[in-house]
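Top to bottom, those sequences are chains A and B.
Numbers 2 to 376, taken from the numbering used here, label the letters of the first sequence in order.
Numbers 2 to 376, taken from the numbering used here, label the letters of the second sequence in order.
Note that CB positions come from ideal geometry on N, CA and C, so glycine has one too.
Note that the structure is a prediction, hence the values are computed from the model and not measured.
Notes to accompany the following structure.
Protein chains: 2
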Amino acid sequence: MDKHKSLGITQTKYYTFAETPNEMPLESGGKLGPITLAYETYGELNAEKNNAVLVLHAFSGDAHAAGFHKGDDKPGWWDDMVGPGKAFDTKKYFVICSNCIGGCKGSTGPSSINPKTGKPYAIDFPMITIVDMVNAQRQLIDHLGIKKLLAVSGGSMGGMQVLQWVASYPDMVCCAIPIATTLKHSPQQIAFDEVGRQAVMADPDWRQGNYYGHKQPERGLAIARMIGHITYMSDESMEEKFSRKLKDSNYSFSFKTDFEVEGYLRYRGDSFVKRFDANSYLYITKAMDYFDLSGGKLFPAGRKINTRFLVIAFKSDWLYPAYQSKEIVHELKIRRVEGTYCEIPSTYGHDAFLLEIDEQAHLISHFLNTAYENL
Amino acid sequence: MDKHKSLGITQTKYYTFAETPNEMPLESGGKLGPITLAYETYGELNAEKNNAVLVLHAFSGDAHAAGFHKGDDKPGWWDDMVGPGKAFDTKKYFVICSNCIGGCKGSTGPSSINPKTGKPYAIDFPMITIVDMVNAQRQLIDHLGIKKLLAVSGGSMGGMQVLQWVASYPDMVCCAIPIATTLKHSPQQIAFDEVGRQAVMADPDWRQGNYYGHKQPERGLAIARMIGHITYMSDESMEEKFSRKLKDSNYSFSFKTDFEVEGYLRYRGDSFVKRFDANSYLYITKAMDYFDLSGGKLFPAGRKINTRFLVIAFKSDWLYPAYQSKEIVHELKIRRVEGTYCEIPSTYGHDAFLLEIDEQAHLISHFLNTAYENL
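Here's what the structure looks like:
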């Protein structure tokens, strides 16, 4: 696997649909429109249009999965996995990465202009769910002229969308690759999300969501992100990276930063608020908490499911523990759906889906290759 | 073990020492005085003064370990363990529970009046450490006329004080019972504490610590406590208690409380701010983060240690995982100190030291009894 081959310069595209009066119905009973989706594509769609792979990002990700945006020195969030000769080999596959609705990275979300008022939606934005995210992506896939996806893949919230794709449109998904994800949030996962939301909403700068035109609730959002970062790493990976290393040579005996881990969290919190909208944080965490395909809801009743699964979990991931991936596999067994489960022995915690490249790439490239050759 | 026998009405006493010009020197290089310690005692000190057991509370605990305060319908925090016929049998032992300095439960802390200014210390309170907490308790034990403690016991931060008692005054401790604790905070433990502190300090009501006479930083402190509660429970115990149960029959599709676990955390956060001082939160978490008896510091070099240990951990405790208790046991082995290790198979997480009574009581009463009979 050559990690160094890059797609070079890539760029984000936009697709707008669901314009008045054809707003998209939402799971909550509301409607949303017009909807813009930010997305990127890499590689070429073949003549048969059967080599398309949809890649879906985690909670705070975006459409920019691979290559470099002009002037940037950092590539997209899954550049190690998407490109020529990589797991999602752009010499063979047409890779699409779609941003989700509700976010703040070019797709319609609470910071977008509400056409009815000419102002940002703020918390008048309707509650969206993983079902709605997938329904919007479906429109994009139709727009690109694709009838059936060779694969849908993603980690964390991206993995929830993978599962929802199968639940909503099983005939459109040849292969599903849910990574470090779950059929439903446990109370512990809901709890971490809820504390983050409360931190945002407790910040007076949140102004009941109407902070646009003012500074955003930076302190609350930074706290929320700091909590997040603890859950993305493992006890082991924090020990390896920070142990009890001090910033200076002695304890400060004050509330300044003593330990490197403290400085790291503060830095991560502070940089997050520059790139992410606080209301999007609220909406998207809520979408994850509402998600629930447990108890047989993964597969529409009475339908033969031909989708093949590769389910990947990471040993040290305690935010989306391996037992949750095994629950997905259990659903496959019950419905006699073909699937492989792999638990990768990483110490990176939940972040492993972004960092543990070699074994993940090996599994995925082999799985995709077999599927593609047997089409 | 009869859990229903109660000590009846108990009350908190106070001991003041280190008055000017005899302030107590602190590990940070500062001084503190006068110092008041709130404490309770249960049972009778025998004529030989060799039946005293010191019980130490966790982070947000207090001196009120057992029995009922007049008018209260809830007993002390370890009432299941302390009383006639219980693990710490007050028919046999003289049990002392000392509150820690830095707190807000009757002992000197940041909300106490600074004699130099006539106003609350706020963040002019000197930084205190576990060493200082134990040095203050040592004064109380001297005051009570006790030369050697039969046992020192406590869970979580109480366990750190147990270890520090042995490190500071090994000849004064016959038995040590550290429960669900550690020789040092890992970066993950520091990280959770730091996020809590940042949440408090980000609240504008914190006013750089000078909120006395105003309302306290309730929102920030509630967030900190919510994070704490997630870490005190286990993934399993949250699943057992809450699963995905809703408060109402349907999703609200809003930012109101949907899930029972959300309501529980909000309730816990809101009730904590009524009983705990935000600056004490900052000082005490910092004391825990600074604590470090790893790498041979548990036992003074070159001294024969006669203290016997009973080290208890709980299987589902991920805040103070069992491996940290095993590190204590490792130190015992290196120095040929007598000790027993027991990992109790509880699902309660870190809270188990307060909830998993039967097995804990069985272990402790047997251990104490043997020690007492062989004095």
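Lys148 of chain B versus Asn211 of chain B: straight-line alpha-carbon distance, rounded: Within the model, the alpha-carbon separation for Lys148 of chain B versus Asn211 of chain B is close to 41 Å.
So does the region 94 to 107 of chain A actually touch the region 48 to 57 of chain A, counting three or more Cβ pairs closer than 8 Å? yes
List the residues of chain B whose Cβ lies closer than 8 Å to the Cβ of Gly221 of chain A, in chain order. Ala203
Can you tell me whether Lys50 of chain B is helix, strand or coil according to DSSP? Three-state DSSP puts Lys50 of chain B in coil, outside helix and strand.
According to DSSP, is Pro35 of chain A part of a helix, a strand, or is it coil? coil
Less than 9 Å between CB atoms is the rule here; does Ile313 of chain A satisfy it with respect to chain B? no
Going by alpha carbons, who is nearest to Lys246 of chain B out of B:Asp74, B:Met234, B:Tyr233 and B:Tyr265? B:Tyr265
Between Asp293 of chain B and Thr17 of chain B, what straight-line distance do the alpha-carbon atoms span, to the nearest angstrom? So the two alpha carbons sit approximately 28 Å from each other.
Between the alpha carbons of Ser7 of chain B and Leu311 of chain B, how many angstroms are there, rounded? Distance between the alpha carbons of Ser7 of chain B and Leu311 of chain B: 25 Å.
Rounded C-alpha distance that separates Asp3 of chain A from Lys87 of chain A: Any reading at Asp3 of chain A must be qualified, since the residue scores a pLDDT of 46, below 50, and its modelled position is unreliable; the value itself is stated next. So the alpha carbons of these two residues sit roughly 7 Å apart.
What runs of the beta strand (DSSP E), each 3 residues or longer, lie entirely inside the region 329 to 372 of chain A? Fully enclosed beta strand (DSSP E) runs of 3 or longer: 340 to 345.
Name, please, each residue of chain A whose Cβ falls closer than 7 Å to the Cβ of Tyr291 of chain B. Tyr252
Looking only at its chain, what residues have a beta carbon closer than 7 Å to the beta carbon of Lys106 of chain A, apart from the 5 residues adjacent to it on each side? Ala39, Asp63, Ala64 and Asn100
Of all the CB atoms in chain B, is at least one closer than 9 Å to the CB of Leu266 of chain A? yes
Considering only C-alpha positions, which residue in the set A:Ser250, A:Ser326, A:Ser253 and A:Asp133 is nearest to Thr109 of chain A? A:Asp133
Local Cβ density within 10 Å of Asn47 of chain B, reported as buried at 16 or more and exposed below that: Counting Cβ neighbours within 10 Å, Asn47 of chain B comes out exposed, since fewer than 16 surround it.
Straight-line Cα distance separating Phe254 of chain A from Ala279 of chain A: 33 Å
Element boundaries [beta strand (DSSP E), containing Lys242 of chain A]: It is not in any beta strand (DSSP E) - Lys242 of chain A instead sits in the alpha helix (DSSP H) that spans Asp236 to Lys242.
Three-state secondary structure (DSSP) at Pro111 of chain B? Pro111 of chain B falls in the coil class under three-state DSSP.
Count the other CB atoms, across all protein chains shown, that sit within 10 Å of the CB of Ala75 of chain B; report buried if there are 16 or more and exposed otherwise. It is Lys, not Ala, that sits at residue 75 of chain B in the sequence shown. By the neighbour-count rule (16 or more Cβ atoms within 10 Å), Lys75 of chain B is not buried but exposed.
Burial state of Lys287 of chain B, where buried means 16 or more other Cβ atoms lie within 10 Å: buried
Going by DSSP, which residues form a beta bridge with Asp90 of chain A? A:Gly84
What span of residues does the beta strand (DSSP E) with Arg309 of chain B cover, start to end? Arg309 to Phe315
6 Å CB neighbourhood of Glu332 of chain B in its chain, flanking five on each side removed: Leu299
Which residues of chain B have a Cβ atom closer than 7 Å to the Cβ of Glu240 of chain A, listed in chain order? Ser187 and Pro188
Name the chain A residues whose beta carbon is nearer than 7 Å to that of Leu283 of chain B? Phe256
4-residue-minimum alpha helix (DSSP H) runs that sit fully inside the region 198 to 279 of chain A, ordered along the chain: Taking only runs of at least 4 residues, the alpha helix (DSSP H) segments lying wholly in the region 198 to 279 of chain A are 219 to 233, 236 to 242 and 261 to 276.
Would you call Leu376 of chain B buried or exposed, if buried means 16 or more other Cβ atoms sit within 10 Å of its Cβ? exposed
In the DSSP output, which residue or residues are listed as bridge partners for Met25 of chain A? A:Leu33
Would you identify the three-state DSSP class for Lys327 of chain A, choosing helix, strand or coil? helix
Can you give me the start and stop residues for the alpha helix (DSSP H) that Ile131 of chain A sits inside? For Ile131 of chain A, the uninterrupted alpha helix (DSSP H) segment begins and ends at Ile131 to His144.
Is it the case that the region 119 to 139 of chain A contacts the region 265 to 276 of chain A, given that we only count it when at least three CB pairs across the two stretches are under 8 Å? no
Going by the beta-carbon positions, is the gap between Leu402 of chain A and Gln190 of chain A smaller than 9 Å? Limits of chain A in this structure are 2 at one end and 376 at the other, which puts residue 402 of chain A out of reach.
So which residues of chain B does Met128 of chain A contact, with C-beta pairs closer than 9 Å? Tyr252, Ser253, Phe254, Ser255 and Phe256
His230 of chain A CB to nearest chain B CB: under 9 Å? yes
Looking at the C-beta of Pro301 of chain A, does it have a partner C-beta in chain B at a distance below 9 Å? No, its Cβ sits nowhere closer than 9 Å to a Cβ of chain B.
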